[in-house]
Each structure stands twice: as structure tokens, then as C-alpha cells.
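Okay, so here's the structure we're looking at.
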Ligand code: 2PG
Ligand code: MG
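Residue numbers (the working numbering): 38 to 466.
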């Protein structure tokens with residue numbers, strides 16, 4: 038038993054400079070820290086990130102939620118076994134029973150439960166990923182990366198509507214080769230944009246390139262051309278995060294084209310991006326319909342045999358929402374973000390449910406992230422298969438890639454490569 042002897046909480050800053058919470062969980066002499074990440078394109082169903090709404094940091098401080106939690110809940114967590122992820126989850130939910138942790142916010146439970154995992158690894162002198170694999174009885178594997186190349190939407194001031202155009206190095210044989218390929222694609226995209234007169238001196242929230250283009254299609258063409266320029270056509274594919282919740286306005290979608298704003302029905306919206314599958318090498322589409330637009334999700338279900346259809350805002354790493362998705366066969370993959378669930382245990386529960394249904398799992402960072410790399414251990418230990426942490430640039434992103442490269446260097450686990458996409462029947466690779 039690794040009883041929690043002390044928990045410290047304090048305010049720090051994330052990669053966007055926004056206040057967030059850091060937790061230190063101590064088990065006797067051993068301790069570990071974890072910081073809560075936060076999203077920009079957040080969904081309505083995810084655990085809340087509560088900000089104080091006072092003068093400090095112009096209303097963005099989290100000090101008050103830390104103070105409330107420290108007074109009301111924290112003492113009740115002392116003595117719990119840090120290895121018992123389920124009990125910690127239960128205790129936290131007992132004090133804040135709504136699914137979205139509306140009383141104290143989900144940022145505090147996620148930081149505490151992650152730090153408890155890392156502290157328990159430290160007491161065992163074990164790598165964090167091996168604690169996860171032991172817990173889930175899974176075989177560790179280095180995941181296939183999905184790497185942001187071009188950013189729009191909430192991550193790049195609405196430069197284009199699409200939030201992310203990502204590169205998937207499907208045919209790479211190692212994580213080293215995978216990282217080099219996506220790096221080459223990012224460089225080629227930047228160079229093509231520069232040559233077309235688009236200033237490339239800035240990077241987006243997740244380290245991707247960006248430019249204010251006429252349409253999503255123009256950006257897709259730039260990335261497709263960049264893959265060719267890098268000599269990687271047929272080896273590197275494209276994944277999209279459409280983040281459709283951001284374009285949804287009650288009963289219709291709004292898109293921008295050559296300076297015009299167009300309103301589209303659910304059907305028109307899904308049909309529009311479905312047509313891209315015949316033009317660009319797209320193998321994966323995330324949030325192709327808004328979180329509660331069930332008609333849009335049903336329409337995409339016919340594509341599940343052909344490409345990866347991922348639910349992010351739609352499932353919000355919540356097990357019951359995922360179970361509905363599995364029952365309706367509207368998708369075949371879930372994005373796993375621990376802070377959407379609010380606790381490590383809940384995130385692992387959703388991940389296990391997805392795997393049990395032969396769905397794909399993509400462990401994902403947030404657009405506001407931190408210098409920590411536990412996400413990689415989570416992906417490796419759970420054998421998630423895929424990981425998304427943004428681009429190759431910016432330290433909060435490279436911290437994760439570098440952890441993956443470290444695990445590869447020490448031959449900790451095999452690289453899964455394109456086998457991570459085996460859940461899609463007729464994927465054209
Ligand atoms: C997403 C994430 C990460 P955010 O939508 O998948 O790219 O973005 O953290 O802003 O929700
Ligand atoms: Mg998303």
C-alpha cells in the first residue's frame with residue numbers, strides 16, 4: 038500500500054501563459070508533480086476548467102478553486118492508496134458528484150490523480166508507463182504519431198475553419214523515421230507557404246504553421262503538395278481535426294470561403310468534407326460533426342469502414358457517452374484526453390471500453406499544455422496505438438516527442454506503426 042501522505046496544490050502557467058494548477062502528491066519520502074492542461078476548443082460535456090472570475094490574472098486565476106478544494110476536500114484524500122486509481126476517483130466524485138466536476142472544476146482532480154500515479158511509480162522505482170500497463174494488463178507499445186502541420190480555427194485565430202491538418206507517417210518503421218518524415222512535411226509546408234507570400238515567422242498554439250488562406254481546400258492542397266515535395270507521397274497520410282462544434286450555430290454550420298460566410302445544414306457540412314476523401318490522402322477525421330449533432334454523426338457512420346472516424350468533443354472521454362457511440366456505430370475511434378474525463382481512472386475506463394469494442398484510441402494533449410511528458414507514458418503503457426500532441430515545434434510538444442524517442446532509444450517497447458489502424462476494415466494505405 039502506497040498511502041498518500043501529503044498533497045500540495047499551487048498555481049502555475051500553461052503553454053499559452055494561462056494559469057493552471059500543479060499538484061504534488063507525496064507518499065512518505067517519495068513524491069511526484071503533475072500539471073493540468075487546458076483546451077481552447079472545449080466541448081460542453083468535458084470536465085470543467087474553473088477560473089476564479091476575480092481580478093487576479095484578469096479573471097483567469099485558479100487560486101480560489103485551489104483554496105476551496107484544499108479546505109473542503111483535500112484532507113479526505115490523505116491515506117488513500119495512490120495505486121488505487123478507482124478509489125481516488127470515487128472519493129473525488131463523492132465531493133463533486135456532477136460528471137463535469139462543476140463544483141471545484143476538473144483541473145484539480147486530474148492533476149492530483151496524475152501526480153498520484155507518478156508518485157506511485159516513483160515508490161516502485163518503476164517507469165510510469167509500466168505502472169499503467171500493469172494496471173490494465175496491457176502490453177506496452179510505442180504509438181503511431183499524428184502530428185499537427187497546419188493550424189486554423191481556435192488554435193490560429195480562425196486562419197481557416199479547419200482546426201488541424203495533421204500528418205500521419207503510416208509507413209514509417211520506427212518512431213525515429215516517423216518523426217523525421219513529419220518534420221520534413223512541416224518544413225516543406227512552411228517553404229511552400231513562404232514562396233506563395235505567406236509570412237511564416239509565427240507558429241500556432243500547437244506549434245503548427247498557419248496562414249490566412251481563402252479556404253480549407255487551399256490549406257489541404259498546400260499540405261498534400263508538401264508531402265509530395267518531401268518525397269513522401271503514399272508514405273505519409275493526412276488526418277483532420279475539423280472540430281465541428283466550433284462551426285456549429287444552433288441548427289446550422291458556418292464556413293468561410295474566399296471572404297464569404299456560408300451556412301450549411303448538417304448534411305451539407307458532412308458531404309462537403311466527405312468529398313475531400315477522394316481528392317486528398319485523408320485517412321482520419323476527428324469531430325466531423327458538432328458534439329450534439331446526432332444527424333451529422335449518423336451520416337458519417339457510413340465512412341467507418343473506409344477511414345478513422347474520431348470522436349473528441351462528442352465523447353469527451355466520458356465512458357457513458359462513448360458507450361452510446363459504440364452502440365450507434367457512428368464512429369470507430371475515441372480521442373482520450375485525461376482532463377476531459379477529470380480523473381486518470383475515468384480516462385482509463387473510457388480507453389478500456391473503446392479497446393474492448395475494437396475501437397481505435399488516440400491519446401491526446403491539449404492546445405494549452407505543459408512541459409510534462411506523462412501523456413506519452415499513458416499512451417505507451419495502455420497500448421493506445423496512437424498519440425496526438427501537436428506539432429514538432431514548441432517545448433511543450435517536443436517534451437512529449439522526446440520522451441517517446443527516449444523510450445525508443447532504450448528499446449522499452451516495440452513501435453506499433455500502421456498496425457494501430459487495424460480497426461479500419463478497408464483503409465486504403
Ligand atoms: C483537440 C485539442 C487538441 P483543444 O481539439 O483535439 O488539438 O484541442 O485542446 O483546444 O481542445
Ligand atoms: Mg479535437
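Virtual Cβ for every residue (Gly too), placed ideally from N, Cα, C.
Residues sharing a beta bridge with residue i, DSSP
i	result
residue 276	203, 321
residue 397	370
residue 167	According to DSSP, residue 167 bridges with nothing at all.
residue 47	59
residue 179	452
residue 405	75
residue 465	None; residue 465 has no bridge partner.
residue 413	Answer is none; residue 413 lacks a bridge partner.
residue 184	204
residue 40	118
residue 246	187
Limits of the unbroken alpha helix (DSSP H) element including residue i
i	result
residue 144	144–160
residue 375	375–378
residue 225	212–232
residue 259	253–266
Proximity of residue i and residue j at Cβ, strictly below 8 angstroms
i	j	result
residue 295	residue 251	yes
residue 371	residue 396	yes
residue 216	residue 429	yes
residue 245	residue 186	yes
residue 276	residue 221	no
residue 78	residue 431	no
residue 44	residue 116	no
residue 402	residue 74	yes
residue 360	residue 390	yes
residue 168	residue 158	yes
residue 36	residue 307	Residue numbering for the chain in the displayed model covers 38 to 466; residue 36 lies beyond these limits and cannot be assessed.
residue 39	residue 120	yes
residue 191	residue 283	yes
residue 434	residue 164	no
residue 175	residue 452	no
residue 199	residue 316	no
residue 88	residue 96	yes
residue 377	residue 127	no
residue 206	residue 261	no
residue 445	residue 76	no
residue 150	residue 122	yes
residue 172	residue 455	no
residue 144	residue 57	yes
residue 320	residue 368	no
residue 133	residue 124	no
residue 46	residue 60	yes
residue 342	residue 463	yes
residue 392	residue 412	no
residue 400	residue 424	yes
residue 202	residue 256	yes
residue 241	residue 219	no
residue 457	residue 427	no
residue 336	residue 304	yes
residue 197	residue 253	yes
residue 263	residue 314	no
Proximity test, residue i beta-carbon vs ligand 3 heavy atom, cut-off 7 angstroms
i	result
residue 349	No copy of ligand 3 occurs in the structure displayed; its ligands are ligand 1 and ligand 2 alone.
Touching or not, the segment 318–330 and the segment 345–360, by the rule of three or more beta carbon pairs under 8 angstroms?
The segment 318–330, when compared against the segment 345–360, does touch it at the 8 angstroms Cβ threshold.
Complete beta strand (DSSP E) runs within the segment 62–123 (minimum length 3 residues, chain order):
At a cut-off of 3 residues, the continuous stretches assigned as beta strand (DSSP E) that sit fully inside the segment 62–123 are 67–72.
Would you list, in sequence order, the uninterrupted alpha helix (DSSP H) runs of no fewer than 4 residues that lie entirely inside the segment 282–370?
You should have 303–313, 331–337, 356–365.
Three or more C-beta pairs under 8 angstroms: does that hold for the segment 169–181 against the segment 413–420?
Taking one beta carbon from each stretch, the segment 169–181 and the segment 413–420 have 3 or more pairs nearer than 8 angstroms; the two touch.
Give, in chain order, every unbroken run of the alpha helix (DSSP H) that is at least 4 residues long and sits entirely within the segment 417–452.
Counting only runs of 4 or more, we get 432–446.
State whether the segment 65–72 contacts the segment 95–105, with contact taken as three or more CB pairs (one from each stretch) at a distance under 8 angstroms.
Result no; under three Cβ-Cβ pairs closer than 8 angstroms.
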